[in-house]
Amino acid sequence: MKDKYSKQVEKTNKKNRKKFLKTPFSARIILLPQCLRNSKKCIGEESGPFFICGGCGKCKIKAITESAIKTGYKKVYILKGGKIIPSLFEKDKPCAVIGVACPWEGFIGQKICGEFKIPVQFFPLSRDGCADTDVDIDAFLKFIEE
Ligand code: SF4
23 MKDKYSKQVE KTNKKNRKKF LKTPFSARII LLPQCLRNSK KCIGEESGPF FICGGCGKCK
83 IKAITESAIK TGYKKVYILK GGKIIPSLFE KDKPCAVIGV ACPWEGFIGQ KICGEFKIPV
143 QFFPLSRDGC ADTDVDIDAF LKFIEE
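Per my numbering, residue 23 is the first one in the sequence shown, and the count goes up by one each step.
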């Protein structure tokens, strides 16, 4: 049975879908959680509230980032936490956002996007947790191309 946060994030996704799809790729950003990294082999570096991918390919972040940039997305961020999101919006002024997270983090992220009136699409992790999480990359790459 789906928990209340899963239902809520789906509802918000539906509500935002049309506006999101009207936004050009160049005005969209993607927020990825740092827990998607390979915790033992990652060569990325911390930079304030972000991780910078070192491109080792030992997790799915490299392929996601490359595909998103090729598609035309403005930015892909690997977040250490959600606190930075408001100032990131102030700086980048995205017109739409995709966030990958667990339903609870997605719910919080959607609330922040709502405060900024930014149409957000949440994409759930296929395995959540604090580290070495996973996402269905084929489904996600299809999702970001819409
Ligand atoms: S692909 Fe990037 S984020 Fe993933 S483990 Fe390698 S350096 Fe870290």
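Built from N, CA and C at the ideal position, the CB exists for glycine as well.
Close-in-space but distant-in-sequence residues of the same chain around E127 (CB under 6 angstroms, 5 per side omitted): No residues qualify anywhere along the chain.
3 or more residues per run - each beta strand (DSSP E) lying fully within the segment 29–106: Counting only runs of 3 or more, we get 50–55, 67–69, 72–74 and 97–101.
Beta-carbon gap between F162 and I86 smaller than 8 angstroms: Remark: C-beta atoms of F162 and I86 approach each other more closely than 8 angstroms.
Candidates K105, G66 and V119, of which the one nearest K80 by Cα: Answer by Cα proximity: G66.
For A123, the three-state DSSP class (helix, strand or coil): If DSSP states are grouped into helix, strand and coil, A123 belongs with the strands.
Local conformation of F138 per DSSP, three classes: In the three-state reduction of the DSSP assignment, F138 falls in the coil class.
Backbone CA spacing between S89 and N38 [nearest angstrom]: Our two residues, S89 and N38, have alpha carbons roughly 23 angstroms apart in a direct line.
Given D160 as reference, the closest of G151, C152, L147 and D154 once Cα atoms are compared: Comparing Cα positions, the closest option is L147.
D160 - containing alpha helix (DSSP H), residue span: Where D160 is concerned, the enclosing alpha helix (DSSP H) stretches over I159 to I166.
Pair within 8 angstroms by beta-carbon distance, P116 and I74: Going by C-beta atoms, P116 is not nearer than 8 angstroms to I74.
Top-ranked residue by Cα proximity to G151, from G77, E168, Q56 and P141: Nearest option by C-alpha distance: Q56.
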